[in-house]
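S.K.:
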Amino acid sequence: MNTPRQPTNHRRGESVAIKELRILPPLAIGRLGSAARPMDNYEVLVDPHRPLAPRQVRPAPTFQVDPHSGAITSAETPPTLRFTEDGQVRPVAPFLEVWALTAQRGREDVLELLTLDLLARHGLGPEDVHWSVHVANHKIHRRTGDENDRIDARVGPVNDHAVHPLNGTCPNFWEGRALPLGHVRYLKPTPEFPGIRLRFTPAAGRVYGSSLQQPPPGPPRPDPERDPNVVDVLYDANRGTWLGYHDDPNNPRVTNPSQIYAGFTQQRKWISKGYLDDECDGLVRAELTVDGTLLSAYGRIGAGPPAYAPDSFPVRAVADELEQAMFGPTVGAGQVSPEAAEEVVRRAFDTVRLMNTAVLNGNTVNGQVRGASTMVAQDTNDTGRLYEPIMAPSLVDRSALLNLHQQVLTGLRSGTAPWFADVLRDFDDVGDLSDKGRRKMPALMRGADGRSLALTRRQVDLVRKVAKRAIFTDNGPAATTTSDPEERG
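Next comes the structure, spelled out in structure tokens:
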């Protein structure tokens, strides 16, 4: 979802050269949903008086698209937010805008929204912009290694304003079947909303299968029940191996942790039920020929599950990985921001607030041991470590955790929490199974490598630099100081 922007106004007769194109945002993530109307735009704000409280979710200006013409008709702020409609989840359907890098009025490299006016200055119209989309779901292929298990959907190049379905096809599907992966639409620009935009609407969030019959644990039954999870059968189990597949522990390409697909245990193996979901990711490309030169730009799109906790953010997200990749694992002195460090603590509490910390800590709950897949069980299964809670059971109480994070936040603000820097887990300590190592933060959570989660190196560096800084006034902002008289000037 985009916040509406005002296009650049050019003076009549002004020469503006289009040098390059960009698609912004370069990465747009939609969310699955089966409701007819996409989700309205909203912003998520921190309550300054209650910094660890759930964030405030407020409506924001939202593009309304005419379903017939494909034109944007308004950009009003809705009075209320509804994440469902008629009992169905509303999908998040992002807009991708084409921006132009221009030269104008003696200035080079001015980035502005590509509009009807800017096209007209070069004798072009919206029909001269062509879109191509390629999305895929390669989850089965990632497991089986069979090229015939790749699911791909392609659209374009197109320059009309119709809805174009993204129907994923696969050689191992039944003849004529396709996996719905959503749709895209080149929105019709108008004088009121002249920008060049494409909208990606994800799929409904349904489960498809390789059989109508529910795969039973244990020996096959003579009258298997119909699988209630499957809405349709797409995959031909006579061609491919996905139904009944199991990970080979000797295959170096198997994910760690392995067995992260729907299945059941049979003969000590995790057997696939043959399910397919309708998530996808891929590329969007826009092309425009200006003065005989073909210009193009691309962006990435993806679809994930709905945000059932929109007032919370995960402690480590894709944005953190991208930031580290772009700017490096350390934070420069001029980039040390107390607000950014506070946000890490806030997101840590956001994450913990959504967890059943008693179960994930390995506590005995209602007389039951090993109530779920946890890092405690993972450590025992993988290394033979004694099965025991990570923290003292009393420390994972909700009130205790709230108090801990409140102390950290207060300490960061006052410059009295250097101890917090010592309890953060470094990236190369994820396999430390000592009591001290397991209790470092973030605790109780698993990373993509199957061991304890660590923040990115850049996040850790930021928090440590803020936590160890000195303060020199009782009412001014905290600042980094030095004891060297020459450096103080």
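In this text, residue positions in the sequence shown follow UniProt numbering: the first is 1, and each later residue adds one.
Here a beta-carbon is modelled for each residue, glycine too, at the ideal position from N, C-alpha and C.
Using 8 Å as the threshold, is the C-beta distance between Pro257 and Gly450 below it?
M.R.: For Pro257 and Gly450, yes; Cβs fall inside 8 Å.
S.K.: Is it the case that the segment 140 to 155 contacts the segment 105 to 117, given that we only count it when at least three CB pairs across the two stretches are under 8 Å?
M.R.: The segment 105 to 117 vs the segment 140 to 155: no contact.
S.K.: Starting from Asn137 and walking both ways along the beta strand (DSSP E), at which residues does that stretch end?
M.R.: Its beta strand (DSSP E) spans residues His130 to Asn137.
S.K.: Cβ of Val284 within 8 Å of Cβ of Gly299?
M.R.: Taking 8 Å as the Cβ cut-off, Val284 and Gly299 qualify as a contacting pair.
S.K.: Could you give the DSSP three-state label for Ser394: helix, strand or coil?
M.R.: Correct three-state label for Ser394: helix.
S.K.: In chain order, what residues of the same chain have a beta carbon less than 7 Å from the beta carbon of Met391, not counting five sequence neighbours either side?
M.R.: Only Asn361, Arg439 and Ala443 meet the Cβ criterion.
S.K.: Kindly identify the DSSP beta-bridge partner or partners of Val430.
M.R.: The partner list for Val430 (beta bridge, DSSP) is empty, contrary to what the question assumes.
S.K.: So, for Gly384: in the same chain, excluding its five sequence neighbours on each side, which residues have a beta-carbon less than 8 Å away from its beta-carbon?
M.R.: So no residue of the chain qualifies.
S.K.: Compute the beta-carbon to beta-carbon distance between Leu453 and Arg316, rounded to the nearest angstrom, for a pair I have assumed lies under 8 Å.
M.R.: Rounded, the Cβ-Cβ distance is 7 Å, consistent with contact.
S.K.: Would you call the CB atoms of Arg154 and Val133 closer than 8 Å?
M.R.: Yes, they are a contact pair.
S.K.: At 3 residues or longer, what runs of the beta strand (DSSP E) sit wholly inside the segment 83 to 132?
M.R.: List check, beta strand (DSSP E) in window: 95 to 104 and 107 to 113.
S.K.: Per the contact definition of three or more C-beta pairs closer than 8 Å, is the segment 317 to 332 in contact with the segment 406 to 416?
M.R.: No, they do not touch.
S.K.: Please say whether Leu294 and Tyr129 have beta carbons closer to each other than 8 Å?
M.R.: The question names Tyr, yet the displayed sequence has Val at residue 129. Going by C-beta atoms, Val129 is not nearer than 8 Å to Leu294.
S.K.: Quick check on the burial criterion: 16 or more other C-beta atoms within 10 angstroms. Buried or exposed for Ala53?
M.R.: Ala53 is exposed by the Cβ-count criterion.
S.K.: Mark residue 497 as exposed unless 16 or more other C-beta atoms lie within 10 angstroms of its C-beta, in which case mark it buried.
M.R.: Nothing in the structure corresponds to residue 497, since the chain is present only between 1 and 489.
S.K.: Which of the three DSSP states is assigned to Trp242 in this structure?
M.R.: Residue state, collapsed to three classes: coil.
S.K.: So, at 7 Å on beta carbons, what are the nonlocal neighbours of Asp311 in its own chain, with the 5 sequence-adjacent residues on each side left out?
M.R.: Closer than 7 Å at Cβ, skipping near neighbours: Val44, Pro54, Arg55 and Val57.
S.K.: Give me the Cα-Cα distance between Leu81 and Phe95, rounded to the nearest whole angstrom.
M.R.: If I take the Cα positions, the gap works out to 19 Å.
S.K.: Which value, in whole angstroms, describes the spacing of the CA atoms of Gly182 and Ser337?
M.R.: One C-alpha to the other measures close to 40 Å.
S.K.: Span of the alpha helix (DSSP H) holding Arg458?
M.R.: Segment Arg457 to Ala467, the alpha helix (DSSP H) holding Arg458.
S.K.: Could you round the C-beta distance between Val207 and Val231 to whole angstroms and report it? I think they count as a contact, below 8 Å.
M.R.: About 7 Å separates the two Cβ atoms, so the contact holds.
S.K.: Leaving out the 5 sequence neighbours to the left and right, which residues in its chain are closer than 8 Å to Asn363 when beta-carbon positions are compared?
M.R.: If we look at Asn363 and ignore the five residues flanking it on each side, its Cβ neighbours are Pro389, Pro393 and Val396.
S.K.: Assuming Val230 is part of the alpha helix (DSSP H), what are its boundary residues?
M.R.: Val230 -> no alpha helix (DSSP H), and no H or E assigned at all.
S.K.: Given that a residue counts as buried once 16 or more other Cβ atoms are within 10 Å of its Cβ, and exposed if not, what is Tyr308?
M.R.: Flag for Tyr308 reads exposed.
S.K.: Rounded to the nearest angstrom, what separates Phe349 and Arg398 at their Cα positions?
M.R.: Going from the Cα of Phe349 to the Cα of Arg398 covers about 10 Å.
S.K.: In chain order, which continuous runs of the beta strand (DSSP E) of length 3 or greater are located wholly inside the segment 6 to 62?
M.R.: The segment 6 to 62 contains these whole beta strand (DSSP E) runs: 16 to 24, 27 to 31, 42 to 45 and 56 to 59.
S.K.: In whole angstroms, give me the CA-to-CA distance for Pro219 and Gly263.
M.R.: Only weak support exists for where Pro219 lies, its pLDDT of 49 falling under 50; the value from the coordinates is given anyway. Using only the alpha carbons, I get a separation of about 15 Å.
S.K.: From Arg457 to Ala421, what does the alpha carbon distance come to, in whole angstroms?
M.R.: Each residue's Cα considered, the two are about 12 Å apart.
S.K.: Under three-state DSSP, which class holds Met441?
M.R.: Three-state DSSP puts Met441 in a strand.
S.K.: Does Arg353 get closer than 8 Å to chain C when you measure Cβ to Cβ?
M.R.: The chain inventory of the structure shown lacks chain C, comprising one protein chain alone.
S.K.: From Ala93 to Pro157, what does the alpha carbon distance come to, in whole angstroms?
M.R.: The straight-line gap from Cα to Cα measures roughly 21 Å.
S.K.: By Cβ distance below 6 Å, which residues in the same chain neighbour Lys139 in space, the five residues on each side in sequence not counted?
M.R.: Excluding sequence neighbours, Lys139 sits near nothing in its chain.
S.K.: Nearest to Pro305 by CA position, among Trp99, Pro202 and Ala136, is which residue?
M.R.: Per the Cα distances, Pro202.
S.K.: Can you check whether the CB of Pro165 is closer than 8 Å to the CB of Pro180?
M.R.: The answer is yes: Cβ separation under 8 Å.
S.K.: Of the choices Leu402, Asp435, Leu424 and Gly437, whose alpha-carbon is the least far from that of Arg50?
M.R.: Selected option, being the one with the closest Cα: Leu402.
S.K.: Tell me, please, which residues DSSP counts as bridged to Leu294.
M.R.: Answer by DSSP bridge pairing, in chain order: Thr289.
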